[in-house]
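**Student:**
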Amino acid sequence: MCRRFKKVRRLIKSFILIDYKSGKSNLKGKDVLTMSEAKTKGEELKGRLFMEKKNMGLSKSEEYLEKADLFSEGYKSFINMCKTEREVYDTALSIAREKGYKAFDMSKEYKAGDKVYLGNCQKALILATFGKKPLLEGTRIVASHIDCPRIDLKPQPVFEKDEIAYFKTHYYGGIKKYQWPTLPLAIHGVVILNDGKTVDIRVGESECDPVFVISDILPHLAQEQMKRSAGEIIKGEELNVIIGGRPFKDDKVSEKVKLNILSILFEKYGIYEEDFVSAELSLVPAHKACDVGFDRALIGGYGHDDRCCAYPSLMAEVEAKEPTYTTICVLADKEEVGSDGRTGLNSKMLEFFIEDLAENAGVSYREVLRNSYCLSSDVGAAFDPTFPDCFEKNNSARINYGPIVTKYTGSRGKNGTNDAPAETVGFVRKILNDNDVQWQTGELGKVDLGGGGTVAKFVGALQVNTIDMGVPVLSMHSPFELISKSDLYETFRAYEAFLK
Ligand code: MN
Ligand code: MN
Numbered sequence: 124m125c126r127r128f129k130k131v132r133r134l135i136k137s138f139i140l141i142d143y144k145s146g147k148s149n150l151k152g153k154d155v156l157t158m159s160e161a162k163t164k165g166e167e168l169k170g171r172l173f174m175e176k177k178n179m180g181l182s183k184s185e186e187y188l189e190k191a192d193l194f195s196e197g198y199k200s201f202i203n204m205c206k207t208e209r210e211v212y213d214t215a216l217s218i219a220r221e222k223g224y225k226a227f228d229m230s231k232e233y234k235a236g237d238k239v240y241l242g243n244c245q246k247a248l249i250l251a252t253f254g255k256k257p258l259l260e261g262t263r264i265v266a267s268h269i270d271c272p273r274i275d276l277k278p279q280p281v282f283e284k285d286e287i288a289y290f291k292t293h294y295y296g297g298i299k300k301y302q303w304p305t306l307p308l309a310i311h312g313v314v315i316l317n318d319g320k321t322v323d324i325r326v327g328e329s330e331c332d333p334v335f336v337i338s339d340i341l342p343h344l345a346q347e348q349m350k351r352s353a354g355e356i357i358k359g360e361e362l363n364v365i366i367g368g369r370p371f372k373d374d375k376v377s378e379k380v381k382l383n384i385l386s387i388l389f390e391k392y393g394i395y396e397e398d399f400v401s402a403e404l405s406l407v408p409a410h411k412a413c414d415v416g417f418d419r420a421l422i423g424g425y426g427h428d429d430r431c432c433a434y435p436s437l438m439a440e441v442e443a444k445e446p447t448y449t450t451i452c453v454l455a456d457k458e459e460v461g462s463d464g465r466t467g468l469n470s471k472m473l474e475f476f477i478e479d480l481a482e483n484a485g486v487s488y489r490e491v492l493r494n495s496y497c498l499s500s501d502v503g504a505a506f507d508p509t510f511p512d513c514f515e516k517n518n519s520a521r522i523n524y525g526p527i528v529t530k531y532t533g534s535r536g537k538n539g540t541n542d543a544p545a546e547t548v549g550f551v552r553k554i555l556n557d558n559d560v561q562w563q564t565g566e567l568g569k570v571d572l573g574g575g576g577t578v579a580k581f582v583g584a585l586q587v588n589t590i591d592m593g594v595p596v597l598s599m600h601s602p603f604e605l606i607s608k609s610d611l612y613e614t615f616r617a618y619e620a621f622l623k
């Protein structure tokens, strides 16, 4: 057996010695480094010239990986608590208040370290910490979105068909519709009653709660369905959610199952059928976030896009003490449907806030905007080895290689993108390198295969130097998305370095 082969075998052996109880590998960084001790001239030159990134499982210490695991525990609780933008809003605001944030007040004078917030319809939130430098020198913005693809109820949702009661729905954001049937769903949201009172609804999350579900046809009878194209395997109008099946005991009335459901809803919440018109109710996967894999490297869960960026940006913002520049953390709504409307970033929400900050400080808000930098903190697609044909490998992000720095998004020849100037990319890259943050770059798949957008172009339009940076995700926009723990934690470190 040759020496090299022995070394490789030893290496593999150290890989498989895993303590399943703690979920930790005993692999130490130095075991790996021994393989590349002696360098030839070419190797040395290559090491200096090539852009070579390492899996963080190799480049980071055990201590670091433990920190990443710990950070991920907090994140998992956060996304289990927050499955709609309203729930993120409530949780983020409580965390912020706990950390000393007060509602922004134009009549007050602010000094470095002061913390303020501005809410928007309980669906979008801006947090800021005043910096040591004058506001005129610009701000540091981290903008993520807190809405996720899901199934919304129509304004008149309750109907009965053949003695089963349903909710009629209209999906929200880009989903593969076939992924949603036969999946236990929870219902989250608010109903505004005729007297203006708000009723909060959250059913399907606790052990004793019922769940809701969209049915699918059994394979035995699916011959015709299987001939449909994938986008139509389940059609939009087939996303009907089962909510009941027991009739109201009265032979005289029709629609007995619907009546029974409405009587239960009235008893529990005081809701009439008309109240659904002024409601925002969404069906989301009922499952909780959990570790994935024997080594627990990944987190599976609903809504990583974009809460795996919102959470680290929120944590980095609330932990900012006396930052150099004024920091701003934007948790926006409506990104998944194009950022339109009052709570999306294609609105005056951020511009007005900065205008108010500037007026309060007695400076030009336009100058503040021009001097500001923004990380559009949104997720990117991770290279999926099962579907390699969708990616151009050299320019794809990989799980465990850190946050993705994305110069441009868009599609079909960079349409609809912010496309950050090289100077902005250089500015951010230097911050990351100076702070020993591991990062990577990545495009959203092959040219002309598809594409996507983020809030970057809306912030860029305000004359803010903007670039995308966020966590790589597998199975993005599915009910159970995947991210890596070290990517999540390193993204937090990146935002922290940017905001400090
Ligand atoms: Mn996103
Ligand atoms: Mn998305």
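Residues 124 to 623, numbered by our numbering, are exactly what the sequence shown covers, in order.
The C-beta atom is built at its ideal place from N, Cα and C for all residues, glycine as well.
Predicted, not measured: the structure shown is a model, and the values here were computed from it.
1. Any chance the CB of E604 is under 8 Å from a heavy atom of ligand 1?
2. To the nearest angstrom, how far is it from the Cα of E613 to the Cα of V560?
3. Leaving out five residues before and five after K136 in sequence, what residues of the same chain have Cβ atoms less than 6 Å from its Cβ?
4. Who are the Cβ neighbours of A620 in its own chain at under 8 Å, not counting the five residues just before and after it?
5. Can you tell which of P408, K291, K277 and I269 has the C-alpha that lies nearest to the C-alpha of P602?
6. Please report the straight-line C-alpha distance between V687 and F201, rounded to a whole angstrom.
7. In three-state terms, what does DSSP make of Q561?
8. How would you call P446, buried or exposed, if buried means at least 16 neighbouring beta carbons within 10 angstroms?
9. Between the beta-carbon of T305 and the beta-carbon of V314, is there less than 9 Å?
10. Just to confirm before moving on: does the CB-CB distance between H293 and D456 stay below 9 Å?
11. With a CB to CB cut of under 8 Å and the five nearest residues on each side skipped, what residues in its chain are close to Y143?
12. Skipping 5 residues on each side, what residues in its chain have a beta carbon closer than 6 Å to that of L625?
13. Under three-state DSSP, which class holds G354?
14. With a threshold of 8 Å, establish whether the CB of V502 neighbours any heavy atom of ligand 1.
15. Give me the Cβ distance between P272 and G297, rounded to the nearest whole Å; I'm assuming they're in contact under 8 Å.
16. Closer than 8 Å to a non-hydrogen atom of ligand 2 - does that hold for the CB of M599?
17. Please classify R263: does DSSP put it in a helix, a strand, or coil?
18. According to DSSP, simplified to helix, strand and coil, what is P257?
19. Tell me the residue span of the beta strand (DSSP E) that contains G312.
20. To which residues does DSSP link D323 through a beta bridge?
21. Alpha carbons only, please: which of V334, L480 and Q346 is nearest the one belonging to S230?
22. Check whether the Cβ of G575 sits closer than 8 Å to any heavy atom of ligand 2, and report yes or no.
23. With DSSP as the reference, please indicate the residues paired to N483 in a beta bridge.
24. So does G525 have its beta carbon nearer than 8 Å to some heavy atom of ligand 2?
25. Are there any heavy atoms of ligand 2 lying less than 8 Å away from the beta-carbon of E459, as far as the coordinates show?
**Tutor:** This is what the structure gives:
1. E604: no, Cβ never under 8 Å from ligand 1.
2. 7 Å
3. Note that K136 has pLDDT 46, beneath the 50 cutoff, so the model's placement of it is unreliable and the number below is only indicative. Here K136 has no same chain residue with a Cβ atom under 6 Å from its own Cβ, once five neighbours each way along the sequence are excluded.
4. I554, L555, D557, N558 and V560
5. Checked all of P408, K291, K277 and I269; the closest Cα to P602 is P408.
6. Outside the displayed range of the chain (124 to 623) lies residue 687, so it cannot be described from this structure.
7. DSSP places Q561 outside both helix and strand once states are collapsed to three, so it counts as coil.
8. buried
9. no
10. no
11. Note that Y143 has pLDDT 36, beneath the 50 cutoff, so the model's placement of it is unreliable and no number is given.
12. An answer regarding residue 625 cannot be provided, because it is not within the stretch 124 to 623 covered by the chain.
13. helix
14. yes
15. 6 Å
16. yes
17. strand
18. P257 sits in coil when the DSSP states are folded into three classes, being neither helix nor strand.
19. L308 to I315
20. Partner residues in the beta bridge of D323, as assigned by DSSP, are V313.
21. Comparing Cα positions, the closest option is L480.
22. yes
23. DSSP lists no partner for N483.
24. no
25. yes
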